[in-house]
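Residue numbers (full-length UniProt numbering): 1 to 346. Cβ coordinates follow ideal geometry from the N, Cα and C atoms, glycine included. None of the values given here were measured: they were computed from a predicted structure.
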């Protein structure tokens with residue numbers, strides 16, 4: 001792709017995200033979402049492969065439907081209350097429609113079907129954008145409208161997302177699809193707490209974005225798209241693969257690592273809100289996710305030659321790892337001890 005075109009699309013992405021996050025009026029928020037959708041489409045379909053074109057078409061149709069629902073929800077609210085302010089969403093029907101629209105934008109169950117397909121058809125760098133930056137504007141809308149939304153509906157969607165994200169990720173062999181189901185599972189954790197403590201949702205989102213960026217950039221530097229190629233990468237960059245193991249375990253939420261922090265705080269908050277059964281269910285369902293992260297980690301680091309893959313062994317390359325990957329990996333692993341400081345910031 002032409003560098004100038006890439007620059008235009010990247011700036012448009014940042015612009016669309018900024019407009020949505022900083023807007024008070026529904027029409028401005030909708031405009032930002034539309035700019036975002038139009039900017040990411042060429043980045044999804046840039047390889048001109050039929051799979052990429054299909055992914056871009058699916059993405060466009062789903063996002064257009066979700067944007068139309070956002071507009072419809074805000075117009076219904078304005079019709080009944082005379083308010084276009086995002087935080088003044090009070091009409092029950094509008095709240096219901098908006099919940100559906102945001103669930104479509106984010107890929108929450110039952111509107112999750114498009115996300116693994118789109119991610120599978122996109123390059124790894126575009127997949128990174130879809131999993132992190134593109135989820136920020138809908139998250140901001142969810143954060144701003146959280147006091148008006150229906151707790152039962154959101155809790156049900158959250159538990160179903162965690163269950164489905166874990167369950168459907170078990171059988172996958174493509175790394176992008178595994179990361180897509182991991183994203184759906186993490187969104188469940190964010191959605192369950194958004195009404196009770198929205199700041200925790202944002203903290204969870206930031207840490208999820210940090211860890212997912214690390215995994216995507218690592219996979220991009222070792223060019224691993226399938227589990228079978230991931231098995232041969234130990235010889236290519238041993239240190240990077242070891243760090244990938246730790247980052248995946250952090251993404252699964254194992255205790256001494258960064259990923260444990262949001263899960264711990266969410267379970268604590270749910271228990272305070274007398275939602276111990278929901279906390280128990282969502283914790284048990286995250287074990288499904290742990291299984292496929294362990295599978296990825298096993299393929300990346302523990303499957304040493306001789307093993308039964310038909311792929312050619314990769315040469316060890318002394319190419320220096322990007323400083324960005326090094327910083328992100330470090331943050332994905334060791335932020336738990338400074339959690340009191342993080343909590344004073346948010």
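Residue i to residue j, Cα distance in whole Å?
i, j, result
"residue 342", "residue 48", "43 angstroms"
"residue 206", "residue 136", "9 angstroms"
"residue 202", "residue 132", "12 angstroms"
"residue 283", "residue 267", "8 angstroms"
"residue 19", "residue 87", "16 angstroms"
"residue 6", "residue 111", "30 angstroms"
"residue 240", "residue 158", "33 angstroms"
"residue 301", "residue 113", "31 angstroms"
"residue 334", "residue 79", "50 angstroms"
"residue 195", "residue 123", "34 angstroms"
"residue 27", "residue 169", "37 angstroms"
"residue 177", "residue 82", "43 angstroms"
"residue 148", "residue 90", "6 angstroms"
"residue 253", "residue 246", "11 angstroms"
"residue 25", "residue 144", "12 angstroms"
"residue 118", "residue 248", "22 angstroms"
"residue 33", "residue 67", "7 angstroms"
"residue 101", "residue 235", "45 angstroms"
On the DSSP bridge list, what partners appear for residue i?
i, result
"residue 25", "85"
"residue 174", "226"
Among the options, which has the Cα closest to the Cα of residue i?
i, options, result
"residue 126", "55, 100, 89 and 83", "55"
"residue 220", "175, 186 and 188", "175"
"residue 163", "149, 172 and 189", "189"
"residue 107", "161, 92 and 67", "161"
"residue 390", "9, 53, 67 and 322", "Limits of the chain in this structure are 1 at one end and 346 at the other, which puts residue 390 out of reach."
"residue 337", "262, 184, 50 and 138", "262"
"residue 58", "31, 105, 230 and 167", "105"
"residue 232", "192, 156 and 298", "298"
"residue 346", "155, 17, 50 and 200", "200"
"residue 46", "134, 3, 85 and 69", "3"
"residue 15", "181, 1, 36 and 23", "36"
Comparing the C-beta of residue i with each C-beta of chain D, is any distance below 7 angstroms?
i, result
"residue 107", "The chain inventory of the structure shown lacks chain D, comprising one protein chain alone."
Less than 6 angstroms between the CB of residue i and some heavy atom of the ligand SAM, yes or no?
i, result
"residue 152", "Ligands are entirely absent from the displayed structure, and the ligand SAM is therefore not among its contents."
Inside the stretch 179 to 239 only - alpha helix (DSSP H) runs reaching at least 4 residues:
Runs of the alpha helix (DSSP H) inside the stretch 179 to 239: 198 to 222 and 227 to 230.
Would the stretch 204 to 218 count as touching the stretch 246 to 266 if we require 3 or more Cβ pairs under 8 angstroms?
Touching, yes, given that three or more Cβ pairs across the two stretches are closer than 8 angstroms.
Inspect the CB distances between the stretch 27 to 46 and the stretch 61 to 68 and report whether three or more fall short of 8 angstroms.
Contact between the stretch 27 to 46 and the stretch 61 to 68 is present, because at least three Cβ pairs lie under 8 angstroms.
Whole alpha helix (DSSP H) runs in the stretch 111 to 179 with 4 or more residues, listed along the chain?
114 to 121, 124 to 131, 136 to 145 and 151 to 169, all fully within the stretch 111 to 179.
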